[in-house]
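This report concerns only the one structure given below.
Number of protein chains: 2
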Amino acid sequence: MSKEERILEVAMRIFRERGYHAASMQEIADAVGMQKGSLYYYISGKQELLFMILERAIDTITTRLEEIWRSDLPPREKLWQAIINHLDIVSQRLDMLTILLRERHALSPSQQEAIDSKRVNYERLLQKILAEGVRTGEFRDIDVKIVSFGILGMCNWLYQWYSPEGRLTAREIAEIFGDLIFRGVLARET
Amino acid sequence: MSKEERILEVAMRIFRERGYHAASMQEIADAVGMQKGSLYYYISGKQELLFMILERAIDTITTRLEEIWRSDLPPREKLWQAIINHLDIVSQRLDMLTILLRERHALSPSQQEAIDSKRVNYERLLQKILAEGVRTGEFRDIDVKIVSFGILGMCNWLYQWYSPEGRLTAREIAEIFGDLIFRGVLARET
Numbered sequence: 004m005s006k007e008e009r010i011l012e013v014a015m016r017i018f019r020e021r022g023y024h025a026a027s028m029q030e031i032a033d034a035v036g037m038q039k040g041s042l043y044y045y046i047s048g049k050q051e052l053l054f055m056i057l058e059r060a061i062d063t064i065t066t067r068l069e070e071i072w073r074s075d076l077p078p079r080e081k082l083w084q085a086i087i088n089h090l091d092i093v094s095q096r097l098d099m100l101t102i103l104l105r106e107r108h109a110l111s112p113s114q115q116e117a118i119d120s121k122r123v124n125y126e127r128l129l130q131k132i133l134a135e136g137v138r139t140g141e142f143r144d145i146d147v148k149i150v151s152f153g154i155l156g157m158c159n160w161l162y163q164w165y166s167p168e169g170r171l172t173a174r175e176i177a178e179i180f181g182d183l184i185f186r187g188v189l190a191r192e193t
Numbered sequence: 004m005s006k007e008e009r010i011l012e013v014a015m016r017i018f019r020e021r022g023y024h025a026a027s028m029q030e031i032a033d034a035v036g037m038q039k040g041s042l043y044y045y046i047s048g049k050q051e052l053l054f055m056i057l058e059r060a061i062d063t064i065t066t067r068l069e070e071i072w073r074s075d076l077p078p079r080e081k082l083w084q085a086i087i088n089h090l091d092i093v094s095q096r097l098d099m100l101t102i103l104l105r106e107r108h109a110l111s112p113s114q115q116e117a118i119d120s121k122r123v124n125y126e127r128l129l130q131k132i133l134a135e136g137v138r139t140g141e142f143r144d145i146d147v148k149i150v151s152f153g154i155l156g157m158c159n160w161l162y163q164w165y166s167p168e169g170r171l172t173a174r175e176i177a178e179i180f181g182d183l184i185f186r187g188v189l190a191r192e193t
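Here the protein sequences line up with chains A and B, keeping their order. Under this note's numbering, the first residue of the first sequence is numbered 4, with each subsequent residue one higher. Under this note's numbering, the first residue of the second sequence is numbered 4, with each subsequent residue one higher.
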């Protein structure tokens, strides 16, 4: 792992545990095992570090959804893969996604804009999958935008209650949510 | 409106717009139109103010759900009322609920514990409604806990995207979410 990677990983953990505002660059330097001065050789400041984490989070979750959207799978299967992808990443990268979902308002306005446009891009990909299913008749004639926000809400909220030591794995939760969502959107019982 | 009420209302707006950590007691005093010293006559500090807002938020949303739970309505109607209640409060009290859903980790550990136990109480009420529906056969044999988190996620997430100037009212959104959820949980097509 490169030094920069290591700094990012440590910062994710500390930002998640202590909250972005309460965390200090000194703590991060101590946890990485370097001088605070040296830290600034890699990262220009705490807000820049936050931005890098949020960008990494949204890019990670989007890359896979783009592959799913561009695949030849039928809309139903694309939606299922999208749900799995989302829940897998939230559950496996709980630190990174918690910061994305919770600390966005600590960014500068221009940084927020950059992250928001990536977020909108992610939402649109999900909406395209839903719209495709409506077009092919696999899905009901739903309000694609509102339903996409409902699905995102269910999946994002995982960051508030999921525990790796919990009763169910992320895949088992995906099956329950997937079942719920499919009954909600499919055109007919299958 | 009492002085204390007015302080709470102003603090909700400022905490939501600027984030809890970035907001200062001086700003709140200025916006209320009083000296910072006088503010401390009503409120012991910023963290106490945050706690009061979070407690108010969770108590508001719970009071109505308790009435719904204790009513004689059938489970399906209770669930529908619960969804409306939740979305109504998130949409009408966007400032208060945003702070509840976003700033909880800025509380002291004992304050967090107090809010968490109220949150668990709210979740249990929703789970009781779902479990009652499973018992009467109105709902499928769902995983009550996970489904309740899915519903809460859908409804809570509203705070991230809802705008009073948007295309749909909170009631129209409730109808779309309600339809989705009912298709997901009802034992048979109705």
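Beta carbons: idealized from backbone N, C-alpha and C, even for Gly. Only a predicted model underlies this, so the values are computations on that prediction, with no experimental measurement involved.
Check	Outcome
Along chain A, in chain order, which residues have C-beta atoms closer than 7 Å to that of Asn159 of chain B?	Gly156, Trp160
Skipping 5 residues on each side, what residues in its chain have a beta carbon closer than 8 Å to that of Leu104 of chain A?	Asn159, Tyr162
So Glu168 of chain A is in the alpha helix (DSSP H); what residue range does that whole segment cover?	No alpha helix (DSSP H) contains Glu168 of chain A, which DSSP labels as neither H nor E.
Which of the three DSSP states is assigned to Leu189 of chain A in this structure?	strand
Under 8 Å, CB to CB, which of the residues in the stretch 100 to 130 of chain A have a partner in chain B?	Arg105, His108, Ala109
Can you give me the Cβ contacts of Met157 of chain A inside the same chain, cut-off strictly under 6 Å, excluding the 5 residues immediately before and after it?	Phe180
Under the DSSP definition of a beta bridge, which residues are partnered with Phe142 of chain B?	B:Leu189
When we look at the beta-carbon of Asn124 of chain A and count the other beta-carbons within 10 Å, is it buried (16 or more) or exposed?	exposed
Contact between the stretch 38 to 58 of chain A and the stretch 11 to 19 of chain A is defined here as three or more beta-carbon pairs at a separation below 8 Å; is this criterion met?	yes
Could you name the residues of the same chain whose beta carbon sits closer than 6 Å to that of Lys81 of chain A, not counting the 5 residues immediately before and after it, in chain order?	Ile71, Ile132
How close, in whole Å, do the beta carbons of Ile102 of chain B and Ala60 of chain B come, if the pair is a contact with beta carbons under 8 Å?	7 Å
Under 8 Å between beta-carbons, which chain B residues line up against Gly187 of chain A? List them in chain order, please.	Asp182, Leu183, Ile184, Arg186, Gly187
Return the chain-ordered list of same chain residues with a C-beta closer than 6 Å to the C-beta of Phe18 of chain B, the five sequence neighbours on each side being excluded.	Ala26, Ile102
Expressed to the nearest angstrom, what Euclidean distance is found between the alpha-carbon atoms of Tyr23 of chain B and Ile92 of chain B?	21 Å
Going by Cα to Cα distance, which pick from A:Leu97, A:Val35, A:Gln29 is closest to Met4 of chain A?	A:Val35
Using the three-state DSSP reduction, which class does Glu106 of chain B fall into: helix, strand or coil?	coil
Below 8 Å on the Cβ atoms is my contact criterion, and I expect Arg79 of chain B with Glu141 of chain B to pass it. Report the Cβ-Cβ distance as a whole number of Å.	5 Å
Compare the beta carbon distance of Ala134 of chain A and Val150 of chain A with 8 Å and say whether it is the shorter of the two.	no
Find the residues of chain B that neighbour Val1 of chain A, judging by a C-beta separation of less than 8 Å, and give them in chain order.	Since the displayed chain A opens at 4 and closes at 193, residue 1 of chain A lies outside it and no answer follows.
Keeping to the same chain, check which residues put their C-beta closer than 8 Å to that of Asp98 of chain A; ignore five residues upstream and five downstream.	Met15, Arg16, Phe18, Arg19
Just curious, the alpha helix (DSSP H) that Gly40 of chain B is in, first and last residue?	39 to 45
On a CA-only basis, which of B:Glu58, B:Leu76, B:His89 is nearest Leu68 of chain B? Give me that one, please.	B:His89
Looking at the structure shown, is Trp72 of chain B part of a helix, part of a strand, or coil, going by DSSP?	helix
Is the CB of Leu171 of chain A under 8 Å away from at least one CB in chain B?	yes
Say whether chain A places a C-beta atom closer than 8 Å to the C-beta of His89 of chain B.	no
Which stretch, first to last residue, makes up the alpha helix (DSSP H) that contains Met157 of chain B?	147 to 159
Measure the CB-CB distance between Arg107 of chain B and Leu57 of chain B and report whether it falls below 8 Å.	yes
Excluding the five sequence neighbours on either side, which residues of its own chain have a C-beta within less than 8 Å of the C-beta of Leu42 of chain B, listed in chain order?	Ile10, Met28, Ile31, Ala32, Val35
What separation, rounded to the nearest whole angstrom, lies between the Cα atoms of Met37 of chain B and Gln115 of chain B?	29 Å
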